[in-house]
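Undergrad: Numbering (the working numbering), first residue to last: 560 to 840.
For every residue, glycine included, the Cβ atom is placed at its ideal position computed from N, Cα and C.
Below you will find the structure I want to go over with you.
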């Protein structure tokens, strides 16, 4: 039986073993996806009395629904584009990258996209896809939030789990977490902030505001009515952030155009404003 106490290992050995385990895990993941894809293609879950591959993974293999959904979807994509298997095995891309590339892969582009996303983080892949496949700007919207089941959850509760799996066509972790089993109670969604690139120089912002912040935003729109007649929230935020950044720079880096001599004896460690400004510049 393996021991999970590693305090006796030297640093060099511990790091070497960790790297080896990560490499093994990548190889195992690629092999797991290949097996899942082949089992589903042969419908070998039916003789085991399961109605779908998802049900088999959860009931027979004891995977969580979230883990099963991600792996089944990735297995289907990799079966269609086999070049993904070795890329996963050698650590060039990970499962999240495969799922993010799903809607953009073609037989002609798969090698190019693998090369472009090699060793990229999720955020870097998002940015790259936004640059290569730009999306139109989202319509500006500011509305009261009603706590109800997210769209993915509502579909999942009304249809089979296989239909829910198809909701991962544009899969993100948040979307997958929203999927729930049939007849399960639907929890209230957690408010999350997300900034996602739409194109090379355009971003979508989704955020939940407190009532006080909402009221301040509306008041700022009113005050800027002469300069921003449309009340465009993006322009209001741009102006507000420029003022905030300027104030923070002045406070932290003494970035004001004019500096006044400090009066009185400084308390504790003190760096004169001209010095802070010079270092910042």
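Take every Cβ of the stretch 615-631, pair it with every Cβ of the stretch 561-575, and state whether three or more of those distances are shorter than 8 Å.
TA: Too few Cβ pairs lie closer than 8 Å, so no.
Undergrad: Anyone know if the C-beta pair for residue 568 and residue 634 falls short of 7 Å?
TA: Working through the chain shown from its first residue, we reach residue 568 at position 9. Working through the chain shown from its first residue, we reach residue 634 at position 75. Not in contact: residue 568 and residue 634 (Cβ atoms no closer than 7 Å).
Undergrad: Where do the ends of the alpha helix (DSSP H) carrying residue 595 lie?
TA: Here residue 595 refers to the residue found at position 36 of the chain shown. Where residue 595 is concerned, the enclosing alpha helix (DSSP H) stretches over 570-601.
Undergrad: Under the rule that 16 or more other beta-carbon atoms within 10 Å means buried, what is residue 764, buried or exposed?
TA: The sequence position of residue 764 within the chain shown is 205, counting from 1. Exposed, because fewer than 16 other Cβ atoms sit within 10 Å of the Cβ of residue 764.
Undergrad: Have a look at residue 729 and residue 834 and give me their C-alpha separation to the nearest angstrom.
TA: Residue 729 sits at position 170 when you count from the first residue of the chain shown. Residue 834 sits at position 275 when you count from the first residue of the chain shown. Residue confidence is low: residue 729 scores 42 on pLDDT, short of 50, so the model does not pin down where it sits. Its coordinate-derived value is still stated next. Looking at the two C-alpha atoms, the distance is approximately 50 Å.
Undergrad: Could you pull out every unbroken beta strand (DSSP E) segment of at least 3 residues lying fully inside the stretch 598-666, listed in chain order?
TA: Counting only runs of 3 or more, we get nothing.
Undergrad: Leaving aside the five residues before and after residue 692 along the sequence, list all residues of the same chain whose C-beta is less than 7 Å from its C-beta, in chain order.
TA: Along the chain shown, read from residue 1 onward, the residue named residue 692 stands at position 133. Same-chain partners within the cutoff: 663.
Undergrad: Quick one: what's residue 758 bridged to in DSSP?
TA: Along the chain shown, one-based indexing puts residue 758 at 199. Its beta-bridge partners are 761.
Undergrad: I need the straight-line Cα distance from residue 605 to residue 758, nearest angstrom please.
TA: Residue mapping note: residue 605 aligns to position 46 of the chain shown, counting from 1. Residue mapping note: residue 758 aligns to position 199 of the chain shown, counting from 1. Roughly 44 Å between the two C-alpha positions.
Undergrad: Look at the alpha carbon of residue 627 and the alpha carbon of residue 617, and state the distance between them as a whole number of angstroms.
TA: For this step, residue 627 is matched to residue 68 along the chain shown. For this step, residue 617 is matched to residue 58 along the chain shown. Roughly 7 Å separates the two Cα atoms.
Undergrad: For residue 788, which residues from the same chain have a beta carbon less than 7 Å from its beta carbon, with the 5 sequence-adjacent residues on both sides left out?
TA: The sequence position of residue 788 within the chain shown is 229, counting from 1. If we look at residue 788 and ignore the five residues flanking it on each side, it has no Cβ neighbours.
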